[in-house]
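Step one of this worksheet: look at the structure below.
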Amino acid sequence: MEYTIWILLLPVLSFLLLALAGMKMSHRVSGLIGTVVLGAVAVLSYMAAFDYFSLPRQADGTYATLIPWNAEWLPFTGSLHIDMGVLLDPISVMMLVVITTVSFMVHIYSFGYMKGERGFQRYYAFLSLFTFSMLGLVVATNIFQMYVFWELVGVSSYLLIGFYYTKPEAIAASKKAFIVTRFADLGFLIGILIYGFYVGTFSFTPTETGLMQGAMMLPLALGLMFVGGAGKSAMFPLHIWLPDAMEGPTPVSALIHAATMVVAGVYQVARMFPLYIAYAPDTLHIVAYVGAFTAFYAASVACVQSDIKRVLAFSTISQIGFMMVALGVCTGAPSHEGGLGYMASMFHLFTHAMFKALLFLGAGCIIHAVHSNEMSTMGGLRKYMPVTHITFLIACLAISGIPPFSGFFSKDEILTACFAFSPVMGWIMTLIAGMTAFYMFRLYYGIFWGRENKELHAAHVPHESPLSMTFPLMVLAAITCVAGFIPFGHFVTGDGLSYDIHLDAGVATTSCVVAVVAIALATFMYARSEQPVADALARRFPKLHRAAYRRFYMDEAWLFVTKRIIFRCVSRPLAWFDRHVVDGFMNFLAWGANATGEEVQPMQSGRIQSYVMWFMAGIIVLTLMLLLCM
Amino acid sequence: MNSNLSAIWSLHAELSLVAVLLVLFLADLFRRPEGNGRWFRVLACVLMAVQIGLDLTPDTRELFGGMYVNTPFTSVVKSILSAGTLLVFLQCGEWLGRKDTRHRQGEFYVLTLSTLLGMFFMVSSGHFLMFYIGLETASIPAACLVALDKYRHKGYEAGAKFILSSMFSSALLLYGLSLIYGTCGTLYFADVPSLLEGNALQAFALVLFIAGMGFKMSLVPFHLWTADVYQGAPTGVAAYLSVISKGAAAVALAIVLRFVFPFMEGQWTLVLAVLSVLSITVANLMAILQSDLKRFMAFSSVSQAGYIVLGALAGTAQGMASLAYYIAIYVVANVAVFAVISTVEQHSGGLTGRDAYRGLYRTNPRLTLVMTLALFSLGGIPPFAGFFSKFFIFAAAFEEGWWLVVFLALLNTIVSLYYYLLVVKAMYISAPEEGECAVGAFRCSPGVRVCLLACVAGICLLGLWSGLYDGLTRWAELLPFDKVLAGF
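Protein chains in written order, with the working numbering: chain A, -5 to 624; chain B, -13 to 474.
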C-alpha cells in the first residue's frame, strides 16, 4: 500500500503550486486544481480504506498495523528517534476517509461560497495546506510527528480564521485561536518530552522495558498530552477560542472547526488509548469528567446564543465533550468489558463530522442568502431555500438522536457506555443529549419558521444557493441518513476485535423519548411567530439569561487572568528585564565592539612588513605560552 | 609499492582532476582567444560535475608506502571541495566572459584546478613531505589567481602581498617540519606519534606548523593578508580562497593534529582555543568597521575560520564530522554571498561598497532575497543550515569541556549577527542616497542563476537533512586515528 504516501504528497504539492503560482492563475483554474487534487486524494483514501479492511485479520482477530512508508529523520539514540511516515490502522484509516470526504465537499462548496472573493487562490492554497497537515497528523507513526503536524494544523487554522485580514475581529479571533491552542500545546510538548525521556521512544507502541521504566511517569505524560488535546478540541476552560474562530469563512468552520481539526484531541486520546487503559486509567477518567462538564456547559450556552454560527460552535464543543466522555468512561479495552466507549467515541466522531459539516455548510447557505449571522434577520426561510431546509432538518434530527439518522446510533452507544460506567454519568449525558435536541431545534425554528423578518426579506429576497453549494449538502445529508447502518464495530474497536453493534432497548428508548420531548418543547416555544414562553422565561430569569448569553463570563475570566495577573506579575517584570538587562548587555556589546574595533584597526596597516611582524609576534607568544604552561 | 590497476583506481579523485585539468588545458589551446568562450566555460562546469560524480565512492586505501592515505572521510571532504569549486566556476562565468578577461579563461581554470589538486593531496597525505608538496601546489597557483587582473594596480598589489606572506608562512612551516624531522627522524604520520615526547623543541615545531596552517585558514594573528588580498583579487577568486582553500586547510590541520600529535593534545588544543577565540573576536570587531563588502567578507571569513577551528579543537569523531559539516554549509552560504557581490560588481561597473546596496531590494528583489538568506545562514539564524552547523560545532566543543570557548564564540555570534544584518538593513530599509539604488535592475547569466539556486537549496535544505551529519559522523569514526592509538 505504498501509494498511501501520495495521500500526503498530493495536497502539499497542490499547496506549493497554488501558493507560488496561484496569483498568476484565474480563480476558476486555481479552485479547480485544489478541488481535483483533493478529489484524487479522497479516491486514494477510499482505496486505502478498502484495501486495508480487505486484508485478512491477523490470528488474534485484529487488523494489522501497517507502516507502508517511514523515514528516520532525527536519530538521537538507538530507540529514540524522530521519524516521518505513514501509519495505517483502523482509526487512522477511518480518519483519512472522514477528512478527505469533508475536505472534498468543502472544496466544492467553496466554489460557490467564495466566488469573487479577493484572495480566492490563497484560500484554496490554505485549504490544501490544512488538509495536508491534518492527514499528516492522523497517519503519524509517532507522537513527535503528530506534534509537528499538530502545530501545522494550528498554523493553517490561524491563517484561515484570519482570512478576511482586513476585519479587526478576524485578526483578533485568529490570534486568540493561535495563542490559546499554542498555550495548551505547551502541555503536549512537555508531555512528549517526559514520555520520550522516561519511556525512551516517541513511538506509540513502546517496548516492554521502556514501559517498565516509564510506568510511573506515564499518567503525568498522558495528562499533559491531554492538555494539548483539550486546547485543540476546545475543552473547558480552553474552549474560548472556538466560538471566536467563527470569524473565518463558513466552509472553513465546517472543515476545521467542526469536522476535523477540533477532533484532533479526541483522536490523540484514542491514539494513546492502550497506554491510558494499561497505565493511567485515572487520567482517562479525568478526561471523562472534563468532557462531561464541557458538554453540559456548552449545551447550556448554546441554548441562548443568537448568532447561528456561535450556536453551532457551542454545539460542536458539546459534542466533542460527548466523544471525550465516551473515551473517558472506558475501563478496559475489550468492547464487552468496558471498552465500548472507544468504539462509540470513534463512531460519534465519524457521524458527527458528517452532520456537523452539513450544519455548517447549511448555515453558510443561509448566511449567503441573508448576509448576516443573526437569527433576527432570518425566520421563515423554508419557503425560499427548500434544499437547505430539508438537509438542515436531517442534520438537526441526526444530532438530536432521532432514528434512523446516524447520530442516533453513535449517541446511543455513548450513552450505553456511560450507563455501564455509572448510572449518574449516564443520566447526566442523557440530559445533555436532551439539551442538544432542544437548542438545535430552537436554531432550526429560528431560521426556518418562527418570526420572519419580513421587512428585510422584502428588501432582499433570500434565494437558494447555486448547485455547487447545495450538492455537498445533499451528499452529506445522504451520508447522514445511512451512516448509522455502517457496521462500525466491525472495523474500529478498543481491542481491535470485531464487535456487533446492538441497541440497548432501555437506553435507546429513554434517549429517544428525551429527544422527542425536547424537540416538542422547542416546537412549542419557538415554532410560531409569537414566542410568549421564551420571552417570558428570558424576562423571568434576566441574570441567568444574560450570563448564559455572555457564555458565563468565561472570556472575561480569562481576560482577568491574563491581563491582570499574568501581564502584571509576569510579563511586566520580564519586559523590564528584557529592556534593561538583556538589551543593556547587547548595547554594551555593540558599544564595546565598536570601541575596540577602532583600537585594533591600526593592526591592518596594509604594509607587508608589519603583517610579518604580527605573524612572528603571534608565534613567539604562542610558543611562550606553551612553554610556560608545561 | 603496489602498482596494479586497483591501486591506481584508489587515486581516482586526483587522477580524474588531472584529466579535467589536461582536457581544459588542451581545449584552451584550440580556442580563439578573442571569442567569448561560452562553450569553454560550459565544458569546464560539465567536466567538473562529471568529476564530482566519479568521486562519490568512499573507500579506505593506503598508497606509496603510506605516503598517501585515502579514507571515506577525506573522500567526502574532497567531494565537498569539488562541489564548492564547481559553484565558484558557475558564478565566474560572467566575469570571465568580459572582454578584458576572456582571453585568460584557460589560465583561470587550470590554475584553480591545480590548487584543488594540491588540496586533495594535502588532505590525503600520510607523510609531511607529501603534505608540504600539496600545500605548495595549492599556494603558488593561488597567488597567480589573485594577480589574474595583473594590469590593475590593486590586483598585482594583492598578488605580491599574497605570495610574499605565503612564502614567509611556508618557510616557517617548513622550519617546523624540519624540527619534527630532527627530533623524530621520520616524517611518516604513522611513525611520528610514538616518537613525540612533547619537549620544547617539538612544542615550537607544533606552533610553527599551526601558524603555517593558520595562515592558509587566515586565523588571527596570521590573517592580515586576507582583507587586502580579497579586496584586490577578482571576486570569484576571493570566493574560492575564502571557502575552498580555507576548508581544505582546516580539514588537513584537524587530521594532522589528531593523527600525528595525539600525545601533545593538551598543547595543541590550548593553541587552537586561543586562536579560535582571537580569530572570532578580532575579526568580528574589524568586520563591523568595514564598508566595502569584499573587505567585509574577508573579515567575516576570518571569523568563520575561528568557528571551524572549534571542530578541530574538539578532536573527536563528532568534532571532525561537525567540521566537515560546517565547511559544507559555509561553502554554499559564502559562495552565494560572493556570487551576489560579483554579479552586482559586474553589472554596476565595479560597485562593492555597502552604500551601493541601499535599496537593492527595489531593483533586484530576488538577488536581495538570496543575499539575505545567505547572510542569515552565515549568522546562524534558524531554520537555515548555518544554525545547524554552528549548533553541531558548538555541541562538539562543549562536550569536550571547552565551555568557556563556546561561550565566547556564542557571544560573538551576536556581534556577527549585527554586522550581517547591517547589510540586510542596507538592502531593505535604508533609503538610497540619490533616490534610486546605485545598482540598476539586471538579469543574471544562467550560470550565476544555477549557482545561486543550488546555494539557496543548500542553505534551506542541508540543515534539515540529518542524514548528511549522520553519514559524516560515521565516516569520521572510520578515520585511522584510533587504530594508531591502539598500537601504543
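Where a beta carbon is used, it is the ideal one built from N, C-alpha and C, also for glycine.
- Residues of the same chain with a CB within less than 8 angstroms of the CB of M(-5) (chain A), apart from the 5 flanking positions on each side, are A42, D45, Y46, L60, P62, L82 in chain order.
- Chain A has no Cβ within less than 8 angstroms of the Cβ of V215 (chain B).
- Here the alpha carbons of N398 (chain B) and V392 (chain B) stand approximately 10 angstroms from one another.
- Against chain B, the beta carbon of Q595 (chain A) has neighbours under 8 angstroms at M272, L275, listed in chain order.
- Residues of the stretch 183 to 210 of chain B with a Cβ closer than 7 angstroms to any Cβ of chain A, in chain order: A186, A189, F190, V193, L194, A197, P207, F208, L210.
- Excluding its 5 nearest sequence neighbours in each direction, I327 (chain B) has C-beta neighbours in its own chain below 8 angstroms: T221, L279, K280, M283, T338, listed in chain order.
- Excluding five sequence positions before and after A272 (chain A), none of the CB atoms of its chain fall closer than 7 angstroms to its own CB.
- Inclusion of S127 (chain A) and F143 (chain A) in the CB contact set at 8 angstroms is warranted, their separation being smaller than that value.
- Straight through space, the alpha carbons of T382 (chain A) and A440 (chain B) are spaced by roughly 54 angstroms.
- Taking 8 angstroms as the upper bound for CB-CB distance, S505 (chain A) and D406 (chain A) are in contact here, some 6 angstroms apart.
- In terms of beta-carbon proximity, L158 (chain B) lines the interface with chain A, with at least one pair separated by less than 8 angstroms.
- Along the length of the stretch 106 to 136 of chain A, whole alpha helix (DSSP H) runs at least 4 residues long occupy 114 to 132, reported in chain order.
- When Cβ-Cβ separations below 8 angstroms define contact, I400 (chain B) makes contact with chain A.
- A residue is called buried when at least 16 other Cβ atoms come within 10 angstroms of its Cβ; P19 (chain B) does not meet this threshold and is exposed.
- Here DSSP, grouped into helix, strand and coil, assigns A274 (chain A) to coil.
- A:I408 is the residue among A:T385, A:I408, A:V149 whose C-alpha sits nearest the C-alpha of A282 (chain A).
- Excluding sequence positions up to five before and after L12 (chain A), its CB lies within less than 7 angstroms of the CB of S24, I27, G28, Q115, Y118, A119, S122, all in the same chain and listed in chain order.
- In this structure, the CA atom of I126 (chain B) is about 7 angstroms from the CA atom of I149 (chain B).
- Where M78 (chain A) is concerned, the enclosing beta strand (DSSP E) starts and stops at 75 to 82.
- Boundaries of the beta strand (DSSP E) around N64 (chain A): 60 to 69.
- Per DSSP, reduced to three states, the secondary structure at V55 (chain B) is strand.
- Contacts with chain A at 8 angstroms (Cβ-Cβ) include K147 (chain B).
- Collapsing the DSSP output to three states places E145 (chain A) in a helix.
- Between A264 (chain A) and Y189 (chain A), the beta carbon gap of about 17 angstroms keeps them out of contact (Cβ cut-off 8 angstroms).
- According to the DSSP secondary-structure assignment, E420 (chain B) is paired through a beta bridge with B:E422.
- For L181 (chain B), the nearest beta carbon of chain A is not closer than 8 angstroms to its own beta carbon.
- Nearest to S262 (chain B) by alpha-carbon distance, out of B:A395, B:L29, B:Q37, is B:A395.
- Using a CB distance cut-off of 8 angstroms, Q598 (chain A) counts as an interface residue toward chain B.
- Legend: CB atoms of the stretch 51 to 79 of chain A lying less than 7 angstroms from CB atoms of chain B belong to residues W67, L68, P69.
- What D456 (chain B) touches in chain A, judged by beta-carbon distance under 7 angstroms, is P69, going in chain order.
- At least one beta carbon of chain A lies nearer than 8 angstroms to the beta carbon of V260 (chain B).
- When DSSP states are grouped into helix, strand and coil, S394 (chain A) belongs to the helix group.
- Below the 8 angstroms Cβ cutoff, chain B contributes N270, L271, I274, V401, Y404 as neighbours of A587 (chain A), in chain order.
- In the structure shown, the three-state DSSP call for E93 (chain B) is helix.
- Look at V257 (chain B): its C-beta is under 8 angstroms from a C-beta on chain A.
- By the criterion of at least three beta-carbon pairs nearer than 8 angstroms, the stretch 53 to 73 of chain B is in contact with the stretch 25 to 45 of chain B.
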